[in-house]
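Colleague: Attaching a single structure in structure tokens format; questions to follow.
In the UniProt record's numbering, the protein residues as written are 1 to 271.
Structure below.
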């Protein structure tokens, strides 16, 4: 739920379709990718795996399990592939998928710089271009899922490409975060809208009137029902605390807010 600074927009809350979400968010990330990587790339690390703005890493949390060597892993919403590249450094066979062509170009650039190449494909989480039972792990770190309207379809796709006993893990903006203004200061600590209002957050380009960014909100209960409806078993839910001494501000996330309310939720489920 972060207004991007690269263009003048107006904010609305209204229903949108999957196609409208996709038409907005693909070009949005193409336009924003250079700025995003310049601003956050060093923090993310070329070979690094962060689960959210709090800065907790996969090495610290071990969301995907203790032994990744030899595992086939798909990252949905991979961006420039930082997480997948870290997995490759641990011996996993990782593949990245992203809607944004420009983000995937950054992934190729970092491949060349680090010498750790991650295969990538341009695509959407609602139509994964992989055979059934292809992966041991499917994950998304603040990636595609909160930008998808047809979320049940996307979760069903993740389950389809997982092998029996496989792991599906993802981090999203914590659902309680939607009650508060997108403001990292003290002014953003007062709840201003209903937790149960699931109306999508929409940014409209002032110059063209075209929808340029969409983010979808679900409650914790919604996510439980979605995962259970896909035949998955939830094994873990993490709500990472803001670390002491961590001063970085990222959009609406900050140490000021992090003292009082979680910014990230991490779900883990198995098939």
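All C-beta atoms, glycine included, are put in the ideal place defined by N, C-alpha and C. Remember, it's a predicted structure, so these values are computed and weren't measured experimentally.
1) Got a sec? Which residues, its chain only, sit under 7 Å from residue 150 by beta carbon, not counting five neighbours each side?
2) Compute the distance between the beta-carbons of residue 169 and residue 64, then report whether it is under 8 Å.
3) Would the segment 146-164 count as touching the segment 11-29 if we require 3 or more Cβ pairs under 8 Å?
4) So, at 8 Å on beta carbons, what are the nonlocal neighbours of residue 9 in its own chain, with the 5 sequence-adjacent residues on each side left out?
5) Identify every residue that forms a DSSP beta bridge with residue 260.
6) Out of 187, 129, 219 and 41, point me to the one whose CA is closest to residue 75's CA.
7) Once DSSP output is grouped into helix, strand and coil, what is the label at residue 196?
8) From 27, 215 and 187, pick the residue whose C-alpha is nearest to that of residue 15; which is it?
9) Out of 134, 34 and 77, which one is the CA nearest neighbour of residue 124?
10) When the Cα atoms are used, what is the spatial distance from residue 37 to residue 52?
11) Relative to the alpha-carbon of residue 200, which residue among 219, 45, 190 and 208 has its alpha-carbon at the smallest distance?
12) Below 8 Å between beta carbons: does that hold for residue 271 and residue 115?
13) Taking the alpha-carbon positions, what's the residue 183 to residue 13 distance?
14) Taking the continuous alpha helix (DSSP H) assigned at residue 215, which residues delimit it?
15) Output needed for residue 103: all residues of its chain with C-beta closer than 7 Å, excluding positions within five of it in sequence on either side, in chain order.
16) For residue 191, I'd like the list of residues in its chain whose CB is within less than 8 Å of its CB, leaving aside the five on either flank, ordered along the chain.
Modeller: By the coordinates alone:
1) Contacts found: 18 and 126.
2) yes
3) The segment 146-164 is in contact with the segment 11-29.
4) 3, 203, 204, 205, 206, 212 and 213
5) Paired residues: none, contrary to the question.
6) 129
7) coil
8) 215
9) Of the candidates 134, 34 and 77, the one whose C-alpha sits nearest the C-alpha of residue 124 is 77.
10) 15 Å
11) 219
12) no
13) 17 Å
14) Run containing residue 215: none in the alpha helix (DSSP H); it sits in the beta strand (DSSP E), 211-215.
15) 29, 33, 79 and 80
16) The residues are 179 and 180.
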